[in-house]
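For the sequence shown, this note's numbering begins at 1 and goes up steadily by one. Heads up: the structure comes next, in structure tokens.
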Amino acid sequence: MDATTKPLRIPPEMGIYAEKHEIFDLLQSMLTRLLVDEPEDPIQFLIDLLKRDGLQVPRVFLLGPPASGKRTIAKMLCEHTHATQINASSLLKEESDLVKRALQYQEKQQEIPSELWIKLVQQRLSKMDCIKRGWVFEGLPRTREQALLLQEAGIAPEHVVFLDAPDTVLIERNLGKRIDPFTGDVYHATFSWPSDDVVARRLQEAPGISEEETAAQLLQFHRESHAVQRTYQQQLRVINADQPSADVFSQTLTFALSRPRSAAPHTPRVVLLGSPGSGKSLQAAIIAQKYNVVNICCGQVLKSAVADETSLGELIKTYLESGQQVPDSVVVKILTERLSRLDCTTRGWILHGFPRDLEQAEKLHEAGFVPNRVFFLEIPNDVAIERITLRAVDPVTGERYHSVYKAPPGPPVQSRLQWNPRDSEEGLLQSLAECRAHAPDLQDFYPHTVHINADQDPHAVFESLESRLVNRLPRSSFGSSLSALTE
1 MDATTKPLRI
11 PPEMGIYAEK
21 HEIFDLLQSM
31 LTRLLVDEPE
41 DPIQFLIDLL
51 KRDGLQVPRV
61 FLLGPPASGK
71 RTIAKMLCEH
81 THATQINASS
91 LLKEESDLVK
101 RALQYQEKQQ
111 EIPSELWIKL
121 VQQRLSKMDC
131 IKRGWVFEGL
141 PRTREQALLL
151 QEAGIAPEHV
161 VFLDAPDTVL
171 IERNLGKRID
181 PFTGDVYHAT
191 FSWPSDDVVA
201 RRLQEAPGIS
211 EEETAAQLLQ
221 FHRESHAVQR
231 TYQQQLRVIN
241 ADQPSADVFS
251 QTLTFALSRP
261 RSAAPHTPRV
271 VLLGSPGSGK
281 SLQAAIIAQK
291 YNVVNICCGQ
301 VLKSAVADET
311 SLGELIKTYL
321 ESGQQVPDSV
331 VVKILTERLS
341 RLDCTTRGWI
351 LHGFPRDLEQ
361 AEKLHEAGFV
371 PNRVFFLEIP
381 NDVAIERITL
391 RAVDPVTGER
401 YHSVYKAPPG
411 PPVQSRLQWN
421 PRDSEEGLLQ
431 SLAECRAHAP
441 DLQDFYPHTV
451 HINADQDPHA
461 VFESLESRLV
471 NRLPRSSFGS
481 SLSALTE
């Protein structure tokens, strides 16, 4: 298509569909699995992979020293994500020739070779529950050698959680460790005693929990842990385990639901909502300048249409001159034309001044423009009144001033300042009331709206916006978009 001969319009639905179903990430995952597994029949392998629907499931390594709470957190994480919990003990309970070989080493009180551990891991992860539901691996790898062997085998976690606590805390905690011999669940004599008397009576003291034994285990762990952390430094999150288990779990779950930055081409489609005086125009200008996205101010777009002297522009002009609101259908038509231009479809856009209510949001959606980030800049009414009603403009220089933030340089300038009639307190209070009234409907329409406190330094507001603009939104839960593609 020759863009020089006629306007080039890329349908916005294409990008929205690809982003909604994460097509780029899907293809990237499929290619990764092909290169790692090297199947003899690549096509059939991909078909089976899509049918299994196991591309977007948790793959977590949960590491930490003895008594750091790995098993407790792993169990809670698996209950929440429905993933399969795996540890060294569960691997040795499987029925296979590999397990028999491993048990022979244990019977001889010999250390199980790392190569055999990796084969056991591969065997377990090849089962359907791990493929479809994902897995949380507790306590492995223990050494850098095991970590490298896992990588060579194509076993790569998406998240690695390292639970850390002072040795004194771990030694004290380990002394009270008790184990249910039937279920393998871990309890503590002080912090987590079972409520069921039957379970409590059958609890056994865990082996190797004396102070000397724990200290020796910690010494061995620290020799290897730093090398393991370096191996997974791109996926690693260190979490303080010296706090209530609910807090540790909350931080672990938040990290497990987070997503690494995607290599997919990202075209920002941003809507800034907020009351008058919240700083939408300023923040839009800063974001547009830094990230080279197109700054779309609804009011400026309408004025540009009037300046072009088109038939639609003449219609808009009559509304603007009479102080009436331009009909939504006309505004959407103008915005559709502007947002469909090549610069918006290739560089992305940040829209402010529209939509202001639910009906406008629905019409924007019907036109095919679905934002991938929606921010609501929030400020108290008194701050909005201070920002708006005290601003003025110098008609000679065009310079803007504010009685508090940017006072005029002297009496001559002060005497000729002019105030916009629309900045009166009475009119502003009405606008603020309308904004507050429509906010709940817009929040429901855009459920992933991010609320930003705009009553702070503009640079602080920008940093809050930027962090949520650049990073991917976290998962609400684990699940695959493949179901939408294969229905």
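For glycine and all other residues, C-beta sits at the position ideal for the given N, C-alpha and C. All values reported here derive from a predicted model rather than from experimental measurement.
In the DSSP assignment, Lys-177 falls within the unbroken beta strand (DSSP E) covering 177-179.
When the beta-carbon positions are compared, Asp-164 and Asn-87 stay at least 8 Å from each other.
In the structure shown, Asp-357 adopts coil according to DSSP, grouped into three states. As DSSP reads the structure, Ala-392 sits in a beta bridge with Tyr-401.
Straight-line spacing of the CA atoms in Glu-399 and Asp-242 works out to 56 Å. Between Pro-65 and Phe-221, the C-beta spacing is below 8 Å. Contact between the stretch 226-237 and the stretch 399-412 is not established, with fewer than three Cβ pairs separated by less than 8 Å. Around the CB of Trp-419, fewer than 16 other CB atoms lie within 10 Å, so the residue is classed as exposed. Between Arg-468 and Val-370 the beta-carbon gap is near 17 Å, outside 8 Å, which marks them as no contact. Contact between Arg-178 and Ala-206 holds, with the beta-carbon distance rounding to 7 Å and staying under 8 Å. In summary, Ser-68 is buried, with 16 or more beta-carbon neighbours lying within 10 Å of its beta-carbon over all protein chains present. With a cutoff of 8 Å on beta-carbon distance, Arg-202 and Pro-181 are scored as near each other. Straight through space, the alpha carbons of Arg-416 and Val-293 are spaced by roughly 37 Å. Here Val-228 really is in contact with Thr-143; their C-beta atoms are around 7 Å apart, less than 8 Å. Residue state for Asn-420 is assigned as coil, using DSSP reduced to three classes. Note on geometry: alpha-carbon atoms of Leu-358 and Leu-273 lie some 12 Å from one another. Around the beta-carbon of Asn-174, 16 or more other beta-carbon atoms lie within 10 Å, marking it buried. For Phe-61, the enclosing beta strand (DSSP E) starts and ends at 59-63. Contact check for Arg-101 and Leu-116: beta-carbon distance about 6 Å, within the 8 Å limit, so the pair qualifies.
Of the candidates Lys-280, Thr-254, Glu-337, the residue whose Cα lies closest to the Cα of Val-160 is Thr-254. DSSP places Ser-278 in the coil class of the three-state scheme, outside both helix and strand. Glu-378 is bridged by DSSP to Asn-453.
Residue pairing for Thr-84: DSSP places it in a beta bridge opposite Trp-135. Under the three-state reduction of DSSP output, Tyr-446 falls in the coil class, being neither helix nor strand. Counting the other Cβ atoms within 10 Å of the Cβ of Trp-349 gives 16 or more, which makes it buried. A direct Cα-to-Cα measurement between Asp-37 and Asp-328 gives close to 54 Å.
Rounded to the nearest angstrom, the gap between the Cα atoms of Leu-46 and Phe-24 is 15 Å. Under a 10 Å Cβ-count criterion, Phe-191 is classified as exposed, with fewer than 16 other Cβ atoms of the shown protein chains found around its own Cβ. Each of Glu-145, Ser-225, Gly-176, Gln-110 was checked against the Cα of Phe-162, and the nearest Cα belongs to Ser-225.
Secondary structure note for Val-301: its alpha helix (DSSP H) is the uninterrupted segment 298-307.
Comparing alpha carbon positions, the residue from Lys-127, Gln-443, Leu-103, Glu-211 closest to Ala-361 is Gln-443. Non-local beta-carbon contacts of Gly-154 in its own chain, meaning distances under 7 Å to residues more than five positions away in sequence, involve Val-36, Asp-37 in chain order. Remark: C-beta atoms of Val-136 and Ala-189 do not approach each other more closely than 8 Å. If you ignore the 5 residues before and after Lys-317, its C-beta comes within less than 8 Å of the C-beta of Val-306, all in its own chain and listed in chain order. Inclusion of Thr-231 and Ala-147 in the CB contact set at 8 Å is warranted, their separation being smaller than that value.
In the three-state DSSP reduction, Phe-255 falls in the helix class (H, G or I).
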